[in-house]
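Counting in the UniProt record's numbering, the sequence shown runs from 1 upward without gaps.
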Amino acid sequence: MCGRAACTLAPRQLAARYCGTRSNTGSKTTTSSAARKSGSDAPETSTSPCDPTDKANQQQQFETKPLVEGEANDKKPGWESAACEGTPSWHSCFRGDLSKYHQSYNTTPKQYLPVLVQDPKTGQRVFHVMQWGLVPAWHRGSPRDFDLTMFNARIEGILDKASPLVTDHFFCLPPLCIEEVDGFFEWEQSDDQERRQPFFIYSSDKANVARGRATPQDIDALKSDIQPLLMAGLWDVWQAKDPAVPPLYTFTIVTVPASAAFAPLHDRMPAILDTPEKVDAWLTPLPDATPSKNCQLLAWLSPSEALSWHPVSTKVGSIKAQGPELIKRVQSQREKKQRLASSMSMSEAVGCRLSRSACVINV
């Protein structure tokens, strides 16, 4: 399961990381002349703010103020108030209504997030702002009337003939996408619902951990140094019969069985694309998709071992809660019990010694 996530990167930062085109070999390139002739609004030179190889340009033009408590609830997105004059070209890396995206440490389904997709014609990778929670194209009623909860999609059921994800015909996958997040939240499985402990799960950056810069105890290093998680997703577009009603773009996150290490928290986990090869394989459109090709594609999705986690405040359970304190490490319920038990044992031992001393004095 993945029902809450932290997504705090500003659009300029997202554009700097991922926007651009791919060659047939999968290497990153600038926008092709063919794409420019076709009228694409993609960046035309390697010095565009959408070019992630231009590090100097990134640092100068993509810096944004940190997200602070309550900012995600403002009518104006936090990133918009920190926009830079004279750098409008990063907007070309986005599709949809960007004003609907609000950076947040506590993002939930039904909210809007930028989703990475690849144009099959130009090869350009762009972010499309979509609502979290898939509403399939085949749904004929209002999106509000769609009863199925589809913010996650189990990998075992994606190619099932009875799956609501199957659209045109059997084994026809919806378009593929990637959702980037700082991390996600999961509640430890427990029979005691009132004492369930939430955890923040994030990427394990072994290099930074080795340097001691990305430990759970150092939240500043954790937030700045680790790589965001790239989750495999599926997206679709719902259109009303009335052409005056705008189309609704939605997405869902693919889940796989949990790894052995993650299983104590939950039996499911998001499908993490933790290598460039997996990212390329997932985003590159499949020509003439067949059952065997789709199965090969899904084979890329496996439980990730490159994750770390630590306990966080139960405040994250409230959709109103915001702020960086939601991802800070706290003492878990189990640790509190152990500390209390240890304290009580120590008190009993001290009391016993005092009683013995009193007995000696009385004698």
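Don't be surprised by glycine CBs; every beta carbon is placed ideally from N, CA and C.
{"Check": "Terminal residues of the alpha helix (DSSP H) in which P11 lies", "Outcome": "P11 to Y18"}
{"Check": "Status (buried if at least 16 other CB within 10 Å, exposed otherwise) for C2", "Outcome": "buried"}
{"Check": "Three-state class that DSSP yields for C2 in the structure shown", "Outcome": "coil"}
{"Check": "Touching by the beta-carbon criterion (3+ pairs, under 8 Å), the segment 292-301 and the segment 181-196", "Outcome": "no"}
{"Check": "A153 in three-state terms, based on DSSP", "Outcome": "strand"}
{"Check": "Local conformation of S190 per DSSP, three classes", "Outcome": "coil"}
{"Check": "Residues sharing a beta bridge with F251, DSSP", "Outcome": "W132 and W235"}
{"Check": "Buried/exposed call for G317, threshold 16 Cβ in 10 Å", "Outcome": "exposed"}
{"Check": "Nearest to M269 (by Cα), restricted to the options A232, L326, A137 and K121", "Outcome": "A232"}
{"Check": "Nearest-angstrom Cα separation, counted from P120 out to K328", "Outcome": "40 Å"}
{"Check": "Span of the beta strand (DSSP E) around W309", "Outcome": "L307 to P311"}
{"Check": "Identity of the residue in L98, H102 and S92 nearest G323 by Cα", "Outcome": "H102"}
{"Check": "Proximal residues to W132 (C-beta, below 7 Å), its chain only, five neighbours per side dropped", "Outcome": "P109, K110, Q111, L113, F151 and F251"}
{"Check": "At least three beta-carbon pairs within less than 8 Å, the segment 179-192 to the segment 136-152", "Outcome": "no"}
{"Check": "Cut-off 6 Å between Cβ atoms - residues of its own chain near P175, not counting five sequence neighbours on either side", "Outcome": "W235"}
{"Check": "Buried or exposed by the 16-neighbour rule on C-beta atoms within 10 Å, applied to S308", "Outcome": "buried"}
{"Check": "beta-carbon H139 near the ligand MN non-hydrogen atom, thresh 7 Å", "Outcome": "Of the ligands one can find in the structure shown there are none, so the ligand MN has no counterpart to examine."}
{"Check": "Between the CA atoms of Q189 and A15 - distance to the nearest angstrom", "Outcome": "37 Å"}
{"Check": "Between the CA atoms of D274 and I158 - distance to the nearest angstrom", "Outcome": "21 Å"}
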